[in-house]
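> Residues 1 to 608 in full-length UniProt numbering are what the sequence shown spells out, letter by letter. This is the structure I want to talk about, given as structure tokens.
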Amino acid sequence: MAHEDGSRMFQDQLAEKVRPFIDLIDDMRSIGIDKELPLPTIAVVGDQSSGKSSVLETLSGVALPRGTGIVTRCPLLLKLCNDRTVKWEAVISYGGGKVIEFDEPSEVVRHVEQAQNALAGKGVGICEDLITLKITSSTVCDLSLIDLPGITRVAVKGQPEDIGVQINNLISKFIKNKRTIILAVVPCNVDIATTEALKMAQQVDPEGTRTLAILTKPDLIDPGAEKNVLEIVHNRVIFLNMGYVIVKCRGQKQIDENMSISRAIEEELAFFRNHEHFSSLLREEKATTTCLATKLSNALVKQIKKSLPQMSEKIKEQLGEVKHSLSQIEGGPPMEPEEKRKYLIQVITEFNEQITQLSQGDIIVEENLFELMRKEFTEWMERLKNAKSHYHKVVQQVVDEYDQEHRGSELPGFSNYRVFQHVVQKLVSELKRPAMMTLQTIREMVQKQFDHLSKESFKNYPYLHQVSKKKIETIQEQQSNIVKERIVEQFEMEMQVYTQDEIFNKHSLEKGEIAEVKEQDTRSKYPGLLKAYYEIVVQRLADQVPMLIRYFILKQSAKIVCSEMLDLLHRDDTDNILQEDSEIGQYRAKLLAQADRLILANDKISSL
């Protein structure tokens with residue numbers, strides 16, 4: 001009776017001081033915060049046939065799957081909730097949404113096996129996905145722990161050859177978390193130094209600061225070996241900061257005889273009370289599953305309290321990072337048709353403003369477009385100047401050849417104007433090719449920067465990006481053809497060899513006067529006149545070609561692109577136009593879900 005009263009007082013204490021902390025972590029795991037940061041938990045590790053299932057059955061008060069080989073094939077989160085108002089009820093959840101409620105304890109095995117088959121497949125395979133079994137009852141303790149597959153060394157029929165490695169990797173994933181309390185289950189009747197459970201615990205917790213060992217099967221110890229077990233329990237063999245607890249659960253014979261778990265707990269207490277060597281462990285609170293439950297609950301709450309400040313800080317830090325990431329991508333189009341159309345207008349308008357500003361030199365994309373064009377136009381001017389010496393040389397050669405071939409056949413003062421006109425036409429026409437090359441280079445510059453703006457403005461909307469890119473390419477091609485025609489026209493006009501330039505006329509008169517004094521032969525002034533005329537041609541082309549290119553390829557192209565993008569607003573398929581890149585949509589959804597988890601977790605910690 002005293003034991004029952006003490007147990008009830010313990011449960012009251014847990015309900016008041018312990019349950020809120022355990023609930024906090026359970027709630028945080030249920031909202032998925034364990035995806036963001038490791039949570040304090042208890043992980044149960046044991047070799048196959050170590051008595052792990054029996055311990056968990058005693059703690060939970062219900063039978064769990066049993067058998068030979070691997071029984072636990074998925075991690076099982078066992079959430080035990082003490083509630084005096086509830087007789088017994090359970091909820092099992094798995095697979096990202098499968099939830100089953102039931103109120104019959106005997107149904108636990110069937111539902112757990114069903115969940116394992118759904119996640120790991122029928123047979124003997126394992127899976128890392130978590131199954132959550134919440135049991136609410138007036139007879140259980142307040143505790144949450146994760147049962148992991150039993151450690152195995154040799155694959156049995158139907159199992160992959162590397163099943164041992166798979167299980168070890170799964171266990172390591174859980175116990176390497178610094179906030180995890182490792183509950184190592186070790187039989188009393190074996191050399192504890194050789195058990196894989198303690199070996200794995202020592203690998204991730206070499207100081208033994210977060211490992212608690214459970215010694216099972218004390219009734220199977222060989223007579224005379226009790227003192228060795230006491231040495232272990234008293235932490236003199238393998239030191240563990242959290243120590244050891246020895247328990248006696250139902251054996252196979254008792255299970256076969258359908259001994260109830262409550263009856264097994266009574267027998268366990270009697271076993272230790274009457275044991276010649278182990279009775280002292282009761283007073284030291286190092287024996288029975290009741291003692292184990294107390295230790296585990298206190299240890300878990302202590303770990304939770306210790307971890308809360310760091311967890312709170314980490315949650316705030318990650319929330320800041322997630323909000324920053326969300327600010328880097330658009331919120332996506334609204335759902336309402338009318339709002340979606342307004343959003344489309346906004347998106348296209350912003351793109352058009354960017355294109356317009358780029359064409360005016362008000363914004364810089366990647367490199368300064370106007371600076372790039374200026375360099376290219378300067379190079380065009382240099383090509384014109386470099387052609388000058390060649391022009392002068394050819395002109396002089398033609399004049400000399402004409403003197404030699406025709407001087408004797410015509411009277412002084414007469415000249416063949418067409419010969420010299422042809423020289424001008426031939427040499428000027430040679431500048432057409434570099435003019436076209438300048439056009440092509442500038443077109444590529446402008447199209448590249450227009451494309452860059454399209455990609456940046458519509459990075460979340462592949463349809464808009466493709467449409468705008470195609471329009472830019474088509475418009476650039478059309479405008480380029482217009483400029484080519486205008487350049488051809490310009491050079492055809494230059495074939496007329498015409499100017500009203502005052503400097504040229506003055507130069508012509510001066511040369512004429514000198515010629516009259518010399519020999520009354522107008523041909524003598526031709527080289528100078530042709531050179532002067534070339535200067536005029538160069539100046540015309542130096543300005544006209546860049547003006548044509550800049551106007552049609554940049555200014556007009558930008559204007560037409562904006563106009564054609566606005567035409568999209570008259571279409572009815574707004575949904576299609578604003579179809580998001582699936583990766584962007586998924587990424588945003590992931591960030592929003594992450595933000596929701598972190599905000600909720602932060603609120604839960606703050607309200608504790």
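We put the beta carbon where it would ideally sit given N, CA and C, even for glycine.
(1) Taking the continuous alpha helix (DSSP H) assigned at Phe351, which residues delimit it?
(2) Straight-line CA distance for Thr356 to Ile577?
(3) For Lys471, I'd like the list of residues in its chain whose CB is within less than 8 Å of its CB, leaving aside the five on either flank, ordered along the chain.
(4) What are the start and end residues of the alpha helix (DSSP H) that includes Leu566?
(5) Considering only the alpha carbon of each residue, which of Lys302, Leu215 and Glu489 lies closest to Val247?
(6) For Pro75, which residues from the same chain have a beta carbon less than 6 Å from its beta carbon, with the 5 sequence-adjacent residues on both sides left out?
(7) Since Ile163 and Met200 should fall inside the 8 Å C-beta cutoff, what is the C-beta to C-beta distance between them, to a whole number of angstroms?
(8) Identify every run of the beta strand (DSSP E) within the stretch 84 to 116, keeping only runs that are complete inside it and at least 3 residues long; order them along the chain.
(9) In this structure, how does DSSP classify Pro412 when only helix, strand and coil are distinguished?
(10) Can you check whether the CB of Cys291 is closer than 9 Å to the CB of Leu300?
(11) Can you tell me the Cα-Cα spacing of Tyr391 and Leu427, whole angstroms?
(12) Across which residues does DSSP place Ile605 in a beta bridge pair?
(13) Taking the continuous beta strand (DSSP E) assigned at Gly46, which residues delimit it?
(14) Straight-line CA distance for Thr58 to Lys79?
(15) The beta strand (DSSP E) with Lys134 in it runs from where to where?
(16) Distance, Cα to Cα, Ile363 vs Gln354?
(17) Identify the continuous alpha helix (DSSP H) that holds Cys291 and give its terminal residues.
(18) Starting from the Cα of Ile487, find the closest Cα among Asn460, Glu430, Ala532 and Tyr461 and give me that residue.
(19) Quick check: what's the CA-CA separation for Leu269 versus Ala287?
(20) Extract the residue ranges of the alpha helix (DSSP H) inside the stretch 175 to 208, only unbroken runs of 4 or more that lie entirely within it.
(21) Consult DSSP for Lys286 and reduce its assignment to one of helix, strand or coil.
(22) Under three-state DSSP, which class holds Glu367?
(23) Given this structure, state the Cα-to-Cα distance separating His275 from Pro218, to the nearest angstrom.
(24) Taking the C-alpha atoms as reference points, what is the distance between Phe552 and Ile482?
(25) Give the secondary structure of Thr152 by DSSP, where H, G and I count as helix, E and B as strand, and everything else as coil.
(26) With respect to the alpha helix (DSSP H) encompassing Val467, which residues constitute its N-terminal and C-terminal limits?
(27) Quick one, which of Leu591, Leu133 and Ser49 has its alpha-carbon nearest Glu89's?
(28) For Lys79, list the residues DSSP reports as bridge partners.
(29) Hey, would you say Leu308 sits closer than 9 Å to Asn602, going by beta carbons?
(30) Alpha carbon to alpha carbon, what distance is there between Leu591 and Glu317?
(31) I need the DSSP call for Ser593, collapsed to helix, strand or coil.
(32) Since I believe Glu494 is in contact with Val446 (beta carbons under 8 Å), could you give me their beta-carbon distance rounded to a whole number of angstroms?
(33) Taking the beta strand (DSSP E) that Thr72 falls in, what are its first and last residues?
(34) Alpha carbon to alpha carbon, how far is Lys178 from Ile605? Give it in angstroms, no decimals.
(35) Tell me which residues share the same chain as Ile348 and place their Cβ nearer than 6 Å to its Cβ, disregarding the 5 neighbours each side in the sequence.
(36) Assign Ala213 to one of three DSSP states: helix, strand, or coil.
To lay it out plainly:
(1) Pro337 to Gln360
(2) 22 Å
(3) Answer for Lys471: Val561, Glu564 and Met565, listed in chain order.
(4) Ser557 to Leu566
(5) When only C-alpha atoms are compared, the closest one is Leu215.
(6) Leu130, Ile146 and Leu148
(7) At roughly 16 Å, the Cβ-Cβ gap does not stay under 8 Å, so Ile163 and Met200 are not in contact.
(8) 88 to 94 and 98 to 102
(9) Because Pro412 carries a pLDDT of 42, less than 50, the predicted location of this residue cannot be relied on, and no value is offered for it.
(10) no
(11) 7 Å
(12) According to DSSP, Ile605 bridges with nothing at all.
(13) Thr41 to Gly46
(14) For Thr58 and Lys79, the distance between alpha carbons rounds to 14 Å.
(15) Ile131 to Ser137
(16) 8 Å
(17) Here the alpha helix (DSSP H) through Cys291 covers Thr289 to Gln328.
(18) Glu430
(19) 9 Å
(20) 196 to 204
(21) coil
(22) In the three-state scheme derived from DSSP, where H, G and I count as helix and E and B as strand, Glu367 is classed as strand.
(23) Using only the alpha carbons, I get a separation of about 10 Å.
(24) 8 Å
(25) Thr152 sits in coil when the DSSP states are folded into three classes, being neither helix nor strand.
(26) Pro462 to Glu494
(27) Comparing Cα-Cα distances from Glu89 to each of Leu591, Leu133 and Ser49, the minimum goes to Leu133.
(28) Lys134 and Ser144
(29) Taking C-beta atoms as the reference points, Leu308 and Asn602 fail to come closer than 9 Å.
(30) For Glu317 and Leu591, the distance between alpha carbons rounds to 14 Å.
(31) Checking the sequence, you will find Ala at residue 593 rather than Ser. Collapsing the DSSP output to three states places Ala593 in a helix.
(32) No, Val446 and Glu494 are not in contact; Cβ-Cβ is about 26 Å, not under 8 Å.
(33) Note, Thr72: premise wrong, no beta strand (DSSP E); not H, not E.
(34) 20 Å
(35) So the qualifying residues of the chain are Met565.
(36) strand
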